[in-house]
Amino acid sequence: MDRMMGLINLDQEYHVFNELTYFRNNASIPFAGRYRLIDFALSNMTNSGMEEVAVFVRHKYRSLLDHLGSGESWDLDRRHGGLFILPPDWNDPSDRSRGDLSFFHNNRDYFNRGKANHVLVSGSQFIANTDYKEAFSQHLETDADVTVIYTPVDEIRPEHQAYFRIEEGEDARVIGITNDEQNPNVFTGVYIIKKDLLMEIVNYCIAYHKENLFADGIKDQLHELDVRAYKYDGYHAFINTIESFYRENMKLLTEENFINLFAKPFIRTKASSNPPVKYQAQALVNHSIIANGCIVNGQVENSILFRGVEVSDHSTIKNSIIMQRCKIEEDVYLENVILDKDVHVKKGQRIIGTSDKPYVVAKRQIV
Amino acid sequence: MDRMMGLINLDQEYHVFNELTYFRNNASIPFAGRYRLIDFALSNMTNSGMEEVAVFVRHKYRSLLDHLGSGESWDLDRRHGGLFILPPDWNDPSDRSRGDLSFFHNNRDYFNRGKANHVLVSGSQFIANTDYKEAFSQHLETDADVTVIYTPVDEIRPEHQAYFRIEEGEDARVIGITNDEQNPNVFTGVYIIKKDLLMEIVNYCIAYHKENLFADGIKDQLHELDVRAYKYDGYHAFINTIESFYRENMKLLTEENFINLFAKPFIRTKASSNPPVKYQAQALVNHSIIANGCIVNGQVENSILFRGVEVSDHSTIKNSIIMQRCKIEEDVYLENVILDKDVHVKKGQRIIGTSDKPYVVAKRQIV
Amino acid sequence: MKECVGMLLAGGEGKRLGLLTNENAKPAVPFGGKYRIIDFTLSNCANSSIQTLGVLTQYSPINLNQHIGNGKAWDMDRRNGGVTMLSPATGKHGGDWYSGTADAIYQNIHFIDQYDPKYVLIISGDHIYQMNYQSVLAQHKATNADATISVIEVPWEDASRFGILNTTETLEIYEFEEKPANPQSNLASMGIYIFTWETLREFLIEDATDPDSSHDFGKDIIPAMLGQDKRLFAYLFTEYWKDVGTIQSYWEATMDLLDEDSGSPLSVAREDRSKQIYTNEANFPPQYIGGTGRVTNSFINTGCFIYGDVSNSVLFRNVLVKQHASIHQSILHPGVTIGENVVLERVIVMENTEVPDGVQVYATKHAEPLVLNQENIREHFSEMEGMN
Amino acid sequence: MKECVGMLLAGGEGKRLGLLTNENAKPAVPFGGKYRIIDFTLSNCANSSIQTLGVLTQYSPINLNQHIGNGKAWDMDRRNGGVTMLSPATGKHGGDWYSGTADAIYQNIHFIDQYDPKYVLIISGDHIYQMNYQSVLAQHKATNADATISVIEVPWEDASRFGILNTTETLEIYEFEEKPANPQSNLASMGIYIFTWETLREFLIEDATDPDSSHDFGKDIIPAMLGQDKRLFAYLFTEYWKDVGTIQSYWEATMDLLDEDSGSPLSVAREDRSKQIYTNEANFPPQYIGGTGRVTNSFINTGCFIYGDVSNSVLFRNVLVKQHASIHQSILHPGVTIGENVVLERVIVMENTEVPDGVQVYATKHAEPLVLNQENIREHFSEMEGMN
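Residue numbers (full-length UniProt numbering), protein chains in the order written: chain A, 1 to 367; chain B, 1 to 367; chain C, 1 to 388; chain D, 1 to 388.
As structure tokens, this is what we get:
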């Protein structure tokens with residue numbers, strides 16, 4: 001029986017998040033009121049029926065460990081398969097591998113052990129609510145070595161720069177994987193590959209001192225392999241900068257986008273035990289996404305409040321993203337602002353950023 | 001209500017295990033047929049009613065992560081409290097802490113959050129089946145700042161060298177923590193400390209550029225603190241060298257020792273789904289500890305077989321430790337040997353070590 | 001051995017809750033925007049470190065079983081102990097319906113014995129309150145009591161509607177009176193007991209053989225204990241406590257949640273982490289408040305979309321309130337859809353009900369709040385049509 | 001939506017297992033050194049990715065409930081689906097005892113419907129075998145069948161003791177005969193069915209209204225389907241399969257485990273990871289074989305201490321065999337203690353029994369093996385005393 005396992009490779013993800021990644025890796029960045037970026041990749045995998053998911057982590061993954069726990073929230077707390085967090089292991093004296101190859105090298109047993117014969121590889125920065133079953137069917141029908149998933153973008157923006165572009169020929173064959181900035185067919189970083197082939201490519205890359213599995217082992221070997229393309233054209237976002245992070249959060253305040261991303265099957269995240277949102281007498285909330293545990297007694301417009309935020313009376317929050325457990329005292333005015341977790345804004349403060357460049361406050365500050 | 005949490009600090013543990021720790025840290029070394037060293041510290045904590053245990057890990061902890069999983073085997077898969085693996089986190093630009101202090105520094109929130117007001121700190125190399133409730137009662141009754149647990153040893157051996165010795169005065173007061181090699185009162189590495197005080201000592205150590213919480217913050221501050229001693233005199237072992245590892249395994253083949261260490265409440269370990277041991281027609285087994293999943297058709301004397309070992313007919317195993325899934329073909333003779341996991345011994349081999357220095361084969365070798 | 005085993009009586013049918021208990025056992029009725037009634041008692045157990053709990057049901061209600069599951073939400077998925085559902089059928093060849101509260105415990109003596117506890121806590125699953133049972137246990141031990149009964153002071157004029165305990169100044173109980181005409185005390189039993197198991201066990205066995213007994217704690221076991229000079233003490237509870245046995249009290253308890261001075265659980269939980277309320281968490285997206293939404297003095301749960309006016313109300317998950325709708329002093333259960341121009345006041349709308357555009361339903365101030373479901377909404381609608 | 005929901009009939013009392021089922025439901029009887037009989041079927045489900053399973057019991061046996069728990073051992077602790085215990089009392093106000101296998105499924109139509117499955121797998125919990133139900137399902141789909149019944153070839157001379165399916169060469173079933181006097185086929189039904197749910201659902205509803213029906217799959221549903229020209233196929237199973245319905249067959253199936261050529265599950269599981277057997281793991285120390293122990297041709301579980309002679313036997317956890325004892329062709333359940341100089345042959349000793357020093361109990365070669373528990377051991381002992 002053909003089965004896929006998931007692999008979320010967080011090594012070598014390109015990101016410019018400044019304050020937001022001082023203490024966490026990019027996969028753990030909060031998004032859309034109650035999620036972390038990794039929830040999308042992970043939920044898409046489990047919603048596609050995968051029962052086994054590995055995550056390659058290198059740096060700053062303590063908050064990620066805490067978020068993922070036993071994998072229970074994604075139904076991945078299994079005796080067989082389930083969720084495996086694979087940190088690097090530098091202690092093999094015979095290890096010559098580099099870059100993300102060292103993860104594969106050090107976890108070879110893990111890959112050999114599982115039941116799946118195909119691997120779906122993903123990063124954490126392509127955000128969508130999608131089901132990979134259809135892509136997998138195409139992968140099996142065409143008997144492709146590799147099926148890369150791309151999405152056509154309406155407008156080429158800076159966050160797309162980091163991604164390869166896909167040139168598709170007949171029968172979905174990939175005839176080019178390029179850095180052509182004019183090509184709107186952006187590779188999502190998601191691809192399906194035969195597991196045996198993956199391990200072969202790993203061996204090749206290590207033998208030839210390569211550092212990047214996809215770039216060196218697949219892109220540069222394109223003509224040796226049967227690589228096909230699968231087009232995803234649903235709602236999506238690429239998030240790898242503060243600007244794209246802010247813009248994509250704001251886009252969700254349009255109902256249509258919100259409903260597109262949060263259709264069933266739902267994206268799953270770690271459960272919390274927050275009570276429902278409490279709106280008090282002075283609350284005036286419009287066009288906003290509010291997570292449980294908030295207490296709102298001020299004006300909130302076109303903004304996102306994460307879990308447990310308190311907004312006191314006579315305060316106004318506009319076009320802003322307020323992360324977990326921030327406390328906004330009375331008479332505060334915030335516009336085009338991102339507050340990371342646990343920020344405390346004192347009475348009477350005014351903070352105004354621009355819509356291109358929001359003002360960011362790192363976590364646990366008192367301002 | 002007074003509560004203890006557990007902390008297993010694997011940083012700075014002294015060990016000389018050679019082959020056995022190429023690919024794992026010392027806490028993950030297999031012991032007594034189905035356990036890993038860390039199972040003893042962890043089970044003693046949960047058997048004492050602790051509901052929250054943190055583990056500081058620095059290197060080679062992948063196999064430890066795999067072993068501990070969600071903590072379920074120790075009933076530590078809890079929403080509140082439970083098991084936390086705390087790897088180091090090197091990314092705080094303001095971090096001036098060194099040695100094991102950096103773990104405390106980086107996980108300050110974690111310690112502040114929990115419900116416990118006392119912390120029991122332990123390593124993984126003191127092996128016993130004990131209940132810390134009595135030591136905790138003494139700690140509370142004497143209102144001590146710190147209660148150190150020591151054990152008197154019959155014979156001072158090389159493995160005791162790495163441990164401080166305790167000099168006890170009146171009312172269980174500790175009047176000296178020394179390196180006096182003639183003192184048989186060996187510190188077990190286990191102590192109970194008030195949580196608030198622990199965090200104060202952490203601050204002090206970091207401020208003064210210290211590297212070792214116990215040596216710098218407690219031993220050297222002995223006269224500033226109310227430190228008491230608690231004597232444990234049950235069955236125990238200190239394991240930090242191949243020699244002590246071998247000797248302590250062999251000691252368990254004496255029924256009395258086996259029963260002392262494996263009395264109720266049992267030491268818990270990760271569950272596996274191995275079938276019962278299968279003894280075949282030619283089996284001749286005496287004075288041995290055999291774990292489930294083994295298939296035995298040869299002679300096994302005074303030895304320990306871990307899970308899933310196969311011993312073929314006309315083979316003899318004497319005074320040896322054979323770890324998980326080793327395969328011993330026909331006509332093999334092993335004496336005073338340690339085989340790490342997955343070793344395959346071919347037909348007709350003879351390997352003989354000495355009782356002082358067993359012959360060790362690293363994992364996955366074919367010999 | 002476990003020091004204290006909990007036994008939660010969750011068998012109440014809750015007939016006085018009318019439609020709300022038509023499809024649901026009373027403890028499983030939704031309450032407080034995301035909880036079920038029994039969550040408050042289960043959370044008390046979690047917050048009191050009661051980790052071995054038998055839940056007694058009169059039958060084996062599938063939604064209650066599924067809600068509690070393995071008890072993980074309350075950290076009761078323990079290797080030894082944890083939560084066990086005990087229906088009368090859990091015997092070798094099935095058993096009899098429990099004939100009273102004491103009989104329910106009697107029929108599960110073997111369950112309790114396997115943990116060899118020193119104490120047994122007996123509670124029920126249909127009250128809204130936050131109590132640390134360890135405090136009761138501490139008093140029970142300190143007084144060396146055979147039984148400790150939690151009590152609450154009720155207004156003197158209401159005392160004759162309760163089971164009243166007459167005590168000495170040290171709170172030692174010398175008499176129990178069920179609904180006394182002339183109450184001598186206003187300390188009403190809350191139905192929360194701690195017994196020393198050895199003593200209770202004897203009384204249960206004796207009571208079981210008495211053909212005249214109704215096998216009830218209040219009516220039979222407590223009087224019998226008093227008759228034999230056992231030590232019984234009252235534990236005085238002074239915080240928020242509410243029985244949600246009727247539509248009116250269910251609605252009032254919900255309105256209490258919105259009043260931050262009422263001391264009701266959600267406000268307390270916010271201030272005090274040791275009093276949090278836990279439930280089996282669903283996984284819905286956060287709520288979306290549209291451009292035309294207006295929400296004040298309300299609790300709103302995940303998955304809601306609000307385009308209308310909501311005030312002094314509690315909305316469970318996945319509720320849609322369309323434009324120009326106005327919801328006041330109402331409770332909307334999960335999955336409710338409110339059409340445009342709907343007006344509701346003092347109304348409880350049951351799970352998954354669709355309220356069509358333009359429907360207006362009010363309960364007047366002193367009347368019992370109205371309960372709407374998909375069936376009776378049509379009646380209200382056609383009545384209204386008739387009126388116009 | 002789930003493609004296939006499993007329904008496991010675990011209600012058998014197992015009367016022919018005598019003492020073994022006195023305190024235990026048949027599926028919960030210990031088997032194979034560390035398992036219970038039902039583990040083999042549950043492991044088949046785990047190995048076949050059947051992750052939504054209803055377990056139907058006639059009552060709600062507490063040891064079976066505790067053994068299965070939340071299904072974690074078989075990876076069935078799933079958020080959506082997983083394992084659900086279904087006793088007849090799982091209705092609004094309890095229900096009737098199931099009157100037949102088909103009635104048991106009929107009474108749980110709502111349970112199945114909530115997963116909206118295309119297929120339903122019906123199995124029972126009292127056979128020892130390893131089958132991948134996905135292979136049956138694959139054949140079911142390939143033949144576009146309404147029902148697929150697993151069959152095993154039995155010796156022709158035994159065929160009249162079974163439910164026999166008469167098929168065409170393509171294994172399409174045209175007739176079902178319960179214990180035919182003159183069998184036309186030796187394909188016996190194993191009681192393992194896959195049905196297309198939509199079809200089965202109709203037949204169940206129709207059957208439920210038939211006052212003359214015994215509500216049994218073999219006797220009623222299958223003949224009714226054949227009568228209406230539905231497509232029914234046999235799935236031919238050729239591996240190890242054993243009914244453990246009697247003491248004799250229970251003992252034989254145990255002895256099969258020791259015979260590596262019998263194809264019985266434990267040997268197969270060792271070679272093939274996809275056929276492992278899972279159970280709720282206990283946490284005992286490894287076994288200790290003393291200086292005087294001698295063990296051959298046996299399975300021994302954790303926690304045992306062996307100082308005597310053990311051959312051709314299966315020992316469950318925590319068994320102590322003292323010096324000079326001799327155990328042959330016997331089965332010792334958990335916690336058994338065998339005294340010095342005890343001799344047992346062809347004996348089954350039940351949980352926690354202490355066999356005093358010097359007791360000798362044999363069953364002769366052709367007699368049914370003897371079952372010992374703490375009560376009847378005394379009789380054997382005093383008989384023996386009388387003999388000396």
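Glycine residues also receive a C-beta, built at the ideal position from the N, C-alpha and C atoms.
The structure displayed is predicted, hence computed values, not measured ones.
Query raised in the report: Where does the unbroken beta strand (DSSP E) through residue 126 of chain B begin, and where does it stop?
Result: 126-128
**Report entry** Chain-ordered chain C contacts of residue 236 of chain B [CB-CB under 7 Å]
**Finding:** By Cβ distance, chain C contributes nothing, its closest Cβ being about 26 Å from residue 236 of chain B, past 7 Å.
Report task. Sort D:297, D:221, D:323, D:353 by Cα distance to residue 378 of chain D and report the nearest one. Result -> D:353
Query - residue 51 of chain C, buried or exposed, once every other Cβ within 10 Å from all chains shown has been counted against 16 - result: buried
Query - Residues, ordered as in the chain, of the stretch 34-64 of chain B that lie near chain D by beta-carbon distance below 7 Å - result: 34
Requested in this report: Look at residue 144 of chain A and residue 233 of chain A and say whether their C-beta atoms are less than 8 Å apart.
Outcome: no
Query raised in the report: For chain C, is any of its Cβ atoms less than 8 Å away from the one on residue 246 of chain A?
Result: no
Query - residue 298 of chain C, DSSP secondary structure in three states - result: strand
Requested in this report: Only counting runs of 3 or more residues, tell me where the beta strand (DSSP E) segments fall wholly within the stretch 158-218 of chain C, in order along the chain.
Outcome: 163-167, 173-178, 187-196
**Report entry** The alpha helix (DSSP H) enclosing residue 133 of chain B, as first and last residue numbers
**Finding:** 133-141
Requested in this report: Using a Cβ cut-off of 8 Å (strictly closer), state whether residue 70 of chain C contacts chain D.
Outcome: yes
Report task. Could you confirm whether any beta carbon from chain D is found closer than 8 Å to the beta carbon of residue 30 of chain B? Result -> no
Requested in this report: Might you give, ordered along the chain, the residues of its own chain that have their beta carbon closer than 8 Å to the beta carbon of residue 106 of chain C, omitting 5 neighbours on each side?
Outcome: 204, 205, 207, 208, 215
Requested in this report: For residue 365 of chain A, I'd like the list of residues in its chain whose CB is within less than 6 Å of its CB, leaving aside the five on either flank, ordered along the chain.
Outcome: 343
Report task. Using a Cβ cut-off of 8 Å, pull out every chain B residue sitting near residue 85 of chain A, in sequence order please. Result -> 65
Query raised in the report: Are residue 166 of chain A and residue 215 of chain A close, meaning C-beta to C-beta below 8 Å?
Result: no
**Report entry** Span of the beta strand (DSSP E), counted from its first residue to its last, around residue 335 of chain C
**Finding:** Note, residue 335 of chain C: premise wrong, no beta strand (DSSP E); not H, not E.
Query raised in the report: Per DSSP, what kind of secondary structure is residue 67 of chain B in: helix, strand or coil?
Result: helix
Query raised in the report: Skipping 5 residues on each side, what residues in its chain have a beta carbon closer than 7 Å to that of residue 206 of chain B?
Result: 96, 97, 101, 105
**Report entry** Secondary structure of residue 57 of chain C, DSSP reduced to three states
**Finding:** coil
Requested in this report: Report the rounded CA-to-CA distance for residue 49 of chain B versus residue 129 of chain B, giving the unit in angstroms.
Outcome: 14 Å
Query - Residue interval of the alpha helix (DSSP H) (run including residue 69 of chain C) - result: Segment: none, residue 69 of chain C is in no alpha helix (DSSP H) and carries neither H nor E.
**Report entry** Residues of its chain near residue 364 of chain D, where Cβ-Cβ distance is below 7 Å and the 5 sequence neighbours each way are ignored
**Finding:** none
Query raised in the report: To which residues of the same chain is residue 330 of chain B closer than 7 Å at the C-beta, ignoring the five residues directly before and after it?
Result: 312, 313, 314, 315, 347
Query - Residue range of the alpha helix (DSSP H) that includes residue 237 of chain A - result: Unbroken run through residue 237 of chain A is the beta strand (DSSP E), 236-238; no alpha helix (DSSP H).
Query raised in the report: For residue 269 of chain B, which three-state DSSP category applies?
Result: coil
Query raised in the report: For residue 80 of chain A, which residues in chain D fall below 7 Å Cβ to Cβ?
Result: 75
**Report entry** residue 162 of chain C versus residue 224 of chain C: straight-line alpha-carbon distance, rounded
**Finding:** 19 Å
Report task. Going by CA-CA distance only, name the one from C:130, C:347, C:304, C:166 that's closest to residue 182 of chain C. Result -> C:166
Query raised in the report: Ordered along the chain, which non-local residues of its own chain (more than five positions away) have a Cβ less than 8 Å from that of residue 93 of chain D?
Result: Legend: pLDDT at residue 93 of chain D = 44, less than 50; position of this residue unreliable, value from coordinates given subsequently. Within the same chain, residue 93 of chain D has no close Cβ partners at all.
**Report entry** Partners in chain B for residue 84 of chain D, counting only beta-carbon separations shorter than 9 Å
**Finding:** By Cβ distance, chain B contributes nothing, its closest Cβ being about 21 Å from residue 84 of chain D, past 9 Å.
Report task. Closer than 8 Å, Cβ to Cβ, to anything on chain G: give me those residues from the stretch 270-282 of chain D, in chain order. Result -> Included in the structure are the protein chains A, B, C and D, with no chain G among them.
Query raised in the report: Excluding the five sequence neighbours on either side, which residues of its own chain have a C-beta within less than 6 Å of the C-beta of residue 132 of chain D, listed in chain order?
Result: 48
Requested in this report: Mind listing the chain A neighbours of residue 33 of chain C? Cutoff is C-beta to C-beta under 8 Å, in chain order.
Outcome: 275, 276
Requested in this report: Taking all protein chains shown into account, decide if residue 227 of chain D is buried (16 or more other Cβ within 10 angstroms of its Cβ) or exposed.
Outcome: exposed
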